[in-house]
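Read in order, the letters of the sequence shown are residues 8 to 1280 in my numbering.
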Amino acid sequence: MNKYLYIVLGFLLLAFGLVIGTPYILSLFELDQKLKEYVVAQLSEEGRAVINVNDINLKFGMLELSEIEYKNEGVRADFYIRGIEFDYNIFKLFTQIDAPHRAIDKIYLVEPRIVFKQPVETDTGRVVSNDTTGINILELLGQFENIDRIHLKNGSLYQQSDKGEIIALAQNLNGWIDSRDFNAISINADGDIFYGSDANFEMFCKVNLEDASFYLQLDLRNYDLRNAPLAKFNDRTRLDGGIIDCKLDVKGNQFDIDSISVNGFVSIDDAKVKIFQTTIDNLEIHARIDDNQLILNDGRGKIGDSQFAFSANVKNIFNPEVDGTIRSDRYALNIIAEYADLAGFKSDFASLTGTFFLSPQHLRVKANLMAPTVNFQDQEIDRLKMELVLDDDDLSVRNMSMNYMGFKIAIISRMNITSGLFWANISTHRSFGEHFFFDNLSRGNEYATLDINGDFHDKNANGSWRYNLSNPAGTLLAVEGSVGIKDSLFTFSNIQDDENDFLLTLQVANIFKDPKIDFGYIENLPFHMLTSRKWVTDLVGNYDVTGILSGTINNLNTTISIVDKELPQRSFKFTSSVTNLVEKTKEIEGEINFNKFKGDYRFTIGEDHLKGTIRSNHSLRGDIDINLKRAEQVKGKVILEEFAINKMLTDTTLSGYGEIDGLIQVSGNLDNPKTSAQLTGDKFIINEIGYYSFQLSLASDTSNLAIDTMRISVNNTNVLEGSLKFDYNSRLVDAQAVGEDIDTEYLIKTIVSENGFKSATGNYRFKINGPVSSPQIAGNVSLFNGEIENIPFDEVSFAISDSLAPGGSFLDIRNHFININDFLAVKGGQYHLEGKGNLPFFDDGAIDLQVQFDGDLLWLIPKWEDFFVDGASFTTIRLNVSGTPSRPIIREGRVKIERGELWLSDVAPHIENINGEIYIEKNSNYIVFKDINAEVDGEHLQINNVKELTTSDGKKLEPWYFKQLDLNFGILTLETAEKGLEIHIPSLMVEGESGKLSLSGKTPDEKFYFAGPVRNPYAWGKVKLSDSQITYPFPPGDGGKPTAAVRFLRRMDWDVEVYPGKDVEYVRTIPGIIGEVLTELTINPASEGLAFTGVLEKDSFTPVGNLGSSRGHIEYLDLSFRVENFGLIFNRGKIEPEVFGRAWTSVRDSVGAVPKTIYLELYAVNQATGTETRRARWEDFRFRLVSADPGVGETQEQVLASLGYSVDNVEDKAKKVGGAVTDNYLIRPLLRPLERSLEKYLGIDFVRFNARVAENLFSVSSQKANSPSGIYN
């Protein structure tokens, strides 16, 4: 047994040794190298293929080649094999050393990997195809005998793009390759497609290497598309889930993709596709493939809540370009709103149809949406149409249109989805029907356009807008502005210019999600452009209108302020809060503030009703209810109880309580509302006249307005009773107003507060009838025992009728034509005035008036001008007036005055014996003054006139021509008696003094002429002054209003020579070193005189000549100086004269002393040289005292000391000086007329009374101030 055991053990050891030692034995006999060389040589192809074998290991029964790489320039594929295992029979290897391949009986391809490459284009553009003739690794492997199949272990297929990207086509391939017939190789395998981990497909393939054709059967089951390498179809489209099943039959040749034909079916369930940010869910595709063409007839999908169906066609699956259509009958519009980040759309649906195109490079979609009704912001959008076009990254909205809140809206836009940059154009249009109040809108159109661009991703944009409002006649309003969006803040404003002062500014926050108006401001709303009614445009033009907006579209707050431009205190303020603005039922409530009136209101507006209330404390209550369904019935009322109407008015003509009581009712329907009112009012005060009260009863519908009772009373006395009827259809009016035995002063002052009308009783009656556009107005008025503009009357009566110019508006007074019948004004013993004729108010209307006056005309003149104190005359006037209102003409006229008298406040106290005649020369506009005579203080004055005249010095004088009246008063000639007229010339003559004035021509044959023009009357001639006290330069005024005489003299253009006669004194007060110097110089009659030229108010007035004096006296301090000589020289171009002169007086130190002569000299100092001169300009000269005794000294202090002025007695002298100065102002004007009379009577130069009144007053005041007890004697 042991023997057999050893034999067995020996055999096992031998076998084990053979196994272990075979590689070494083969190596010893170099059989291993022969086997390796044979295998490599068989796998290689001469010149074309390259096989790299990294390692070859020979084991017992196995030959293993590792890391094999096979490349062939003619094949668009590379082969990578981790290893090829050859199972061989060791005994055959030893027994058949010359044919080692016969020892191989199995071949395994371990992890073979084939990488297919993209076709390669040559320089000529031809695609190089695979060349299978040069190498076929399967054929090489099949050359081994005893090999029927080549086995696959974990194989894989890959596709390499032209960019080098490698995509797995199949993995974990296990199966076999039948290599018995290398012209018809069969492959059977299963594995994972793409990157799957489940064995989800099986394949069977036959390849004919002789003609390079193949046939493939592929069965794919439950593949999750999320693992598909082509899940990202392109940059815009991504497959994000779904399960695919397919069975495909594929055949081809030459391994050329163009020769491949695919047939079968594809089914995809529960797929998800993402296009940009839009996700398509529940995608179901069941398609067939016929010869590479994929046909899909009934695909399904879901976007949000919207189901849709689609069809598609791919002509060649190897060039995957998809053409398809899409449709949905219920596409949810909130999907678009969410994408646009726009809130407000409700779950409304639209029909959608469209087409699409999809390829690896492009995505194009064209869709049309239509919806008959859509709800946005709780408002209906009608007839929504939209064409959407997606072209790769560009999304366009074309031809979008809709009707929204009465507007036709059109939108076009374009946006790049990647960058977010976009632009859009939005235009709106609305047409108007007939409007009654805003009649300019009738048949009008409203257009608005918005151009905007920006960044959709950042939600920022800006743009411009234009607005146009027009009617058939033309443009009413054209305005433009800007718009912007930044950080969800929407801003909107317009541009103001000279043509449009309208301003609108708006800021809306959270514009996309929850829009809210942060600030809105409106100014100068152009209401006046919306109506042709003049009273509206005038009314609007008088007010500034502003509005402020805030809140949301469902809770809008508004404040509207209306302020009178001329009276800012007259204002109206309207506040409201509007809720549910875009809902079917809207609520509006707020407050009304109109001046002092305050009230609140509340309205509810629904689809079928309007209800509202208004309240103001207990005084006003109003309700309205309109049923919009039941024939639009209206029911409303307003109750007034002690309603203070004055709270609503700021006009100062109305004051007091002004309470109104009554009831206003509205009934009927909107087509024919009926209104009735019963109102009473009391306690009205108008222009401080009252109390006024009224009663009003009216009824109205769409056909007629009837005021049955209209009664106005003041202090319970009727001042007006009237009625009115108006037919809306025929536009005819019939009204009347009557007043009898009324106090017309109250009534007229109520209308015009400052009217010059005083107490009178009267009656009136007016009637209006005819078309409201041009009614006939007629009436008569009678007034008794009153006064108009200070002119009393016993009776004034007239009858008038009104006509309208052809084509003129009744509301414009300039279109009226008044016919005056039987005008009469009478004051017993004073005047009788009659008149009649036509008086138009339009510019080219023809005037035809006849006026006749008999009475005292000069008695009336002082009533109009206070320069005239009183007057009396016997006067007759006859006038015929024609022409136009812009140019009236006195066609005939004659005024005759007899025994007239006038008392004046200045110039001449009394003018008497005024007689003469003034008339219009026939067939001309020349007014003739015929022998107008008058007397002043017994001296004669005569006035005549001539048409034209040239003076002896060649001056052609202008006539007095009044352009507005087209009357020529000619050139007046004035003649006085030789002694002259006793008159006072203001400013030239001392106040309170008069003198003799004699007028004459510059030559014996001429007269004193008084000519035009009216603005600056021209005086030419000679004037001789006698018995006068004059002064010059003219003293300054007192700041008060100058008299009529002074105003007239300042306007006159002078060309007059003035000569001194007898007893002409020059009087002037001039400042001195102490006190003032009072000068009274008697002008020498032999003086040259003065020539006055120019106009005072134009600063061209200049006197030329000189006046001299060797008589007179000057008072200075308490001394009187006798004039030695004085002179005034007036040079041309200087209004002020040069002066020179000296006066003297004698003084004694004590009784019996030798008198000393003291001179009062006029002098000036030359500012340039410092030298003294005895002749100086008026503004430069000074007075000084000079002693004839050299011992006194030369300084003013020394001379004053010689007169007794020293430090010790300055108080006593001051009293005397002060007294003397005060006497000059207070007492001298009273004593001087007496002194002058004595000088003339006695024939001496100087008479002086020393009243010493003021000096005594100074003494008393001084004693009182110095007495400790306040008691004085």
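Here a beta-carbon is modelled for each residue, glycine too, at the ideal position from N, C-alpha and C. Bear in mind that the values here come from a model prediction, so they are computed numbers and not experimental data.
Reference residue i; option with closest CA among the options
i	options	result
Asp551	Gly558, Phe534, Asn561	Phe534
Tyr411	Asp389, Asp265, Thr751	Asp389
Leu1059	Glu1083, Asp1012, Trp967, Asp1070	Residue 1059 is actually Met in this sequence, not Leu. Considering only alpha carbons, the answer is Trp967.
Leu1126	Leu1192, Asn260, Asn1091, Lys1069	Leu1192
Ala1093	Val1071, Asp1106, Leu180	Val1071
Gly1101	Gly198, Lys523, Trp1061, Gly1148	Trp1061
Ile884	Phe874, Arg906, Asp861, Trp866	Asp861
Phe874	Pro895, Leu911, Asp855	Leu911
Glu982	Ile950, Gly961, Leu956	Ile950
Asp85	Ala1195, Ile173, Asp112	Ile173
Asn676	Asn634, Ala684, Gly665	Asn634
Lys392	Arg772, Gln837, Ser408	Ser408
8 angstroms Cβ cutoff met for residue i and residue j
i	j	result
Lys585	Leu563	Strictly speaking, residue 585 in this sequence is Val, with Lys absent from that position. The answer is yes: Cβ separation under 8 angstroms.
Arg233	Tyr165	no
His158	Leu116	yes
Lys1009	Ser1033	no
Val1172	Pro1162	no
Thr559	Thr582	no
Lys160	Glu209	no
Ala1026	Val914	no
Gly629	Thr620	yes
Ser880	Ile918	no
Asp668	Glu695	no
Gly606	Leu627	yes
Identified DSSP bridge partners for residue i
i	result
Trp472	Leu457, Gly488
Trp871	None, per the DSSP bridge assignment.
Gly554	Ile529, Ile567
Glu794	Lys765, Pro799
Leu225	Met210, Leu255
Ser700	Ser720
Met1059	In the DSSP output, where bridge partners are listed per residue, Met1059 has none listed.
Pro895	Gly890
Buried versus exposed call for residue i [16 or more other C-beta atoms within 10 Å across all chains shown]
i	result
Asn952	buried
Pro379	exposed
His991	buried
Asp877	exposed
Gln971	exposed
Pro1067	buried
Gly171	exposed
Lys834	buried
Trp871	exposed
Phe526	exposed
Tyr1279	Legend: pLDDT at Tyr1279 = 29, less than 50; position of this residue unreliable, value from coordinates given subsequently. With fewer than 16 Cβ atoms within 10 Å of its Cβ, Tyr1279 is classed as exposed.
Asn679	exposed
Leu670	exposed
Phe325	exposed
Gly1198	exposed
Residue i at chain C interface by Cβ criterion, 8 angstroms
i	result
Glu794	Structure shown: chain C not included; a single protein chain is present.
Heavy atom of the ligand SAM within 7 angstroms of residue i beta-carbon
i	result
Asp247	This structure does not include the ligand SAM; it has no bound ligands of any sort.
Self-check item: Validate contact between the region 886-898 and the region 833-852 using beta carbons, cut 8 angstroms, 3 pairs
Solution: The region 886-898 makes contact with the region 833-852; the number of CB pairs closer than 8 angstroms reaches 3 or more.
Self-check item: Cβ pair count under 8 angstroms reaching 3, the region 977-986 against the region 1006-1019
Solution: Contact check between the region 977-986 and the region 1006-1019: three or more CB pairs, one atom from each, fall below 8 angstroms, which counts as touching.
Exercise. Could you tell me whether the region 818-831 touches the region 797-805, using the rule of 3 or more Cβ pairs below 8 angstroms?
Key: Three or more beta-carbon pairs separated by less than 8 angstroms link the region 818-831 to the region 797-805, which places the two stretches in contact.
Quiz item: Would you call the region 894-901 and the region 925-939 in contact, with 3 or more CB pairs under 8 angstroms?
Solution: Three or more Cβ pairs drawn from the region 894-901 and the region 925-939 lie within less than 8 angstroms of each other, which places the two stretches in contact.
Quiz item: Hey, is the region 714-721 in contact with the region 691-702, meaning 3+ C-beta pairs nearer than 8 angstroms?
Solution: They touch, by the three-pair rule.
Quiz prompt | Inter-stretch contact (C-beta, 8 angstroms, three-pair minimum) for the region 295-307 and the region 266-274 | solution = Result yes; three or more Cβ-Cβ pairs closer than 8 angstroms.
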